[in-house]
Amino acid sequence: MKNTKTVVIGVTGGVAAYKALDVISRLRKEDVCVHVIMTKAASEFVNPISFQALSQNIVIHDMFDEPKAWEIQHVSLAKKADLMVVVPATANIIGKVANGIADDMLTTTIMATVAPVIFAPAMNVNMYNNKVVQGNIQKLMACGYEFISPTSGRLACGDIGQGKLAQTEDIFEIIMSKLYPIKDMLGISVLVTAGPTIAPIDPVRFITNRSTGKMGYAIAKEARDRGAVVTLISGPSNEKEPFGVTLIRINTNEEMRAAVLNKFEDSDIVVSAAAVADFKPKIYSNSKIKKGENGLTLEFVRDNDILKELGLHKKNQILVGFAAESNDLLQNAKAKLTNKNLDYIVANDITAADIGFGTEDNKVTILSKDRDPIAIAKMTKKQVAGELFSLINKKR
Ligand code: CTP
Numbered sequence: 068m069k070n071t072k073t074v075v076i077g078v079t080g081g082v083a084a085y086k087a088l089d090v091i092s093r094l095r096k097e098d099v100c101v102h103v104i105m106t107k108a109a110s111e112f113v114n115p116i117s118f119q120a121l122s123q124n125i126v127i128h129d130m131f132d133e134p135k136a137w138e139i140q141h142v143s144l145a146k147k148a149d150l151m152v153v154v155p156a157t158a159n160i161i162g163k164v165a166n167g168i169a170d171d172m173l174t175t176t177i178m179a180t181v182a183p184v185i186f187a188p189a190m191n192v193n194m195y196n197n198k199v200v201q202g203n204i205q206k207l208m209a210c211g212y213e214f215i216s217p218t219s220g221r222l223a224c225g226d227i228g229q230g231k232l233a234q235t236e237d238i239f240e241i242i243m244s245k246l247y248p249i250k251d252m253l254g255i256s257v258l259v260t261a262g263p264t265i266a267p268i269d270p271v272r273f274i275t276n277r278s279t280g281k282m283g284y285a286i287a288k289e290a291r292d293r294g295a296v297v298t299l300i301s302g303p304s305n306e307k308e309p310f311g312v313t314l315i316r317i318n319t320n321e322e323m324r325a326a327v328l329n330k331f332e333d334s335d336i337v338v339s340a341a342a343v344a345d346f347k348p349k350i351y352s353n354s355k356i357k358k359g360e361n362g363l364t365l366e367f368v369r370d371n372d373i374l375k376e377l378g379l380h381k382k383n384q385i386l387v388g389f390a391a392e393s394n395d396l397l398q399n400a401k402a403k404l405t406n407k408n409l410d411y412i413v414a415n416d417i418t419a420a421d422i423g424f425g426t427e428d429n430k431v432t433i434l435s436k437d438r439d440p441i442a443i444a445k446m447t448k449k450q451v452a453g454e455l456f457s458l459i460n461k462k463r
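All letters in the sequence shown, in the order written, are residues 68 to 463 by this note's numbering.
And the structure:
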């Protein structure tokens, strides 16, 4: 398990203040210790009690309450912090820090810490683009402060433009990769496939499978966090596009095959987590099949086994497959490892309801050509990906 780290979250007064709650909740789920400092304006937007409940720590929100306490507190929190993140960051806090103003608990803590400080700005588009604000941001960046850029969209004031707080999921992921920076895959090209593929029957119908893409997306994110250059080839999935990853969307087996083959030669590691459809209708009907009086019989033919094809042509690439099995897990997985000429296979029991398809967690066994199977305890899919890459990287 990871050592507990401490993050100090600064919340400043903006409509997006409530979004900091989601970032904190995600961090707590990963056992990160969170302390919250709110500016006076922030506590006008969200009651500090909510932050207290989620962080499970006293929230500092009004330094003038107990001046003696904060004078000492700002140093103790500044020392405790492994990382400080201001979310959302207003033009005001950016301006204050850029100009050395330390007149409340948050600004004094930022000044007093030697931990990295990240700002996630959120404000009106014109305010964000204002030369003074941009100048302050540049100045802070030159001093080593980091920024998570706001995204574009409809802002609270009704204007459209850049100024929306970055997605809380992205902020959380950036914090996690800062806290646990294993960069053992710098410069490595990783190709990941994820999600289902679909096999069209007619213009309105298709068959597919239950894959949601969660495992493949977690693998792509883990490789990215470790410094790899990642391409993710994904079938239809509701997972959010991961930042810092090249995402190629496909629908069918044939499209996935073409995209994979196109990238294969330049890849160092290929992880095939996609649930590729093995069959497609023998005949695709160009017009919608009408229902008529009788039932419908479809004939299916075999489709490409993409991973097997990669196994036949591989040179120096490390090939990793997944084996989704409902019975004889290890035996079937071992057979696939050999038949597809893989280096590793992740065996997945799909009969358990709390792991596998659509769930947040997974419990797998990793098999490789030259060592005994390694059983991995139930953990999040991202952590499973971490175990997999740690194993691969040890041998690379
Ligand atoms: N795979 C693939 N192309 C296919 C089927 C599977 O590339 N047409 C890949 C999957 O991404 C996975 C591995 O092969 O990494 C094993 O997939 P799985 O569905 O468990 O096995 P199959 O080879 O399809 O065998 P079966 O369905 O008979 O168990």
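Positions of the beta carbon are idealized from the N, C-alpha and C atoms, including for glycine.
Since the model is a prediction, treat every value here as computed from it, not as a measurement.
If you follow the alpha helix (DSSP H) that residue 115 is part of, which residue opens it and which one closes it? Taken as a continuous stretch (DSSP letters only), the alpha helix (DSSP H) holding residue 115 covers 115 to 122.
Distance between beta carbons of residue 158 and residue 200, contact taken as under 8 Å: Separation of the CB atoms of residue 200 and residue 158 is rounded to 5 Å, and the pair is thereby assigned contact status at 8 Å.
For residue 429 versus residue 418, is the C-beta distance shorter than 9 Å? Going by C-beta atoms, residue 429 is not nearer than 9 Å to residue 418.
Using beta-carbon positions only, say whether residue 171 and residue 107 come within less than 9 Å of one another. Yes, they are a contact pair.
Residues near residue 340 by beta carbon distance below 7 Å, same chain, minus five either side: The answer, listed in chain order, is 259, 260, 261, 282, 283, 286, 389.
Closer than 8 Å: residue 392 CB and nearest the ligand CTP heavy atom: In this structure, the C-beta of residue 392 approaches the ligand CTP to less than 8 Å from one of its heavy atoms.
Find the nearest neighbour of residue 98 within the set 153, 121, 151, 87, judged by alpha-carbon distance. Checked all of 153, 121, 151, 87; the closest Cα to residue 98 is 121.
Three or more C-beta pairs below 8 Å linking the region 449 to 458 and the region 375 to 382: The region 449 to 458, when compared against the region 375 to 382, does not touch it at the 8 Å Cβ threshold.
Strand pairing of residue 260, partner residues [DSSP]: Beta-bridge pairing links residue 260 to 300, 339.
Can you have a look at residue 193 and say buried or exposed, based on whether 16 or more other CB atoms are within 10 angstroms of its CB? So residue 193 ends up on the exposed side.
First and last residue of the alpha helix (DSSP H) that includes residue 457? Its alpha helix (DSSP H) spans residues 448 to 462.
Straight-line gap, residue 154 to residue 276 (C-alpha atoms, nearest Å): Between residue 154 and residue 276, the C-alpha separation is close to 39 Å.
Starting from residue 308 and walking both ways along the alpha helix (DSSP H), at which residues does that stretch end? Annotation: residue 308 is outside any alpha helix (DSSP H) and is labelled neither H nor E by DSSP.
In angstroms with no decimal places, state the Cα-to-Cα distance between residue 214 and residue 395. Residue 214 and residue 395 have their C-alpha atoms roughly 50 Å apart.
Taking the straight line between their C-alpha atoms, what separation do you get for residue 305 and residue 318? Each residue's alpha carbon lies about 13 Å from the other.
If you drop the 5 nearest sequence neighbours on each side, which residues of the same chain put their C-beta closer than 6 Å to that of residue 65? The structure shown does not extend to residue 65, since the chain spans only 68 to 463, so no value can be given for it.
Secondary structure at residue 424, three-state DSSP: helix, strand or coil? The three-state secondary structure of residue 424, taken from DSSP, is coil.
Residue 315 in three-state terms, based on DSSP: Strand, per DSSP.
When you compare each of 420, 426, 431 to residue 413 by their alpha carbons, which one comes out closest? Residue 431 is the option with its Cα nearest to residue 413.
Can you grab the Cα-Cα spacing for the pair residue 224 / residue 240, in whole Å? Straight through space, the alpha carbons of residue 240 and residue 224 are spaced by roughly 28 Å.
Beta-carbon separation (whole angstroms), residue 401 vs residue 434, contact threshold 8 Å: Rounded, the Cβ-Cβ distance is 6 Å, consistent with contact.
For residue 386, which three-state DSSP category applies? Three-state DSSP puts residue 386 in a strand.
Between residue 373 and the ligand CTP, is there a pair consisting of the residue's CB and a ligand heavy atom that are separated by less than 8 Å? Because some heavy atom of the ligand CTP lies under 8 Å away, the Cβ of residue 373 counts as near it: yes.
Just the C-alpha distance for residue 279 and residue 123, rounded to the nearest angstrom, thanks. Roughly 33 Å between the two C-alpha positions.
Regarding residue 352 and the ligand CTP, is the C-beta to nearest heavy atom distance less than 8 Å? In this structure, the C-beta of residue 352 stays at least 8 Å away from each heavy atom of the ligand CTP.
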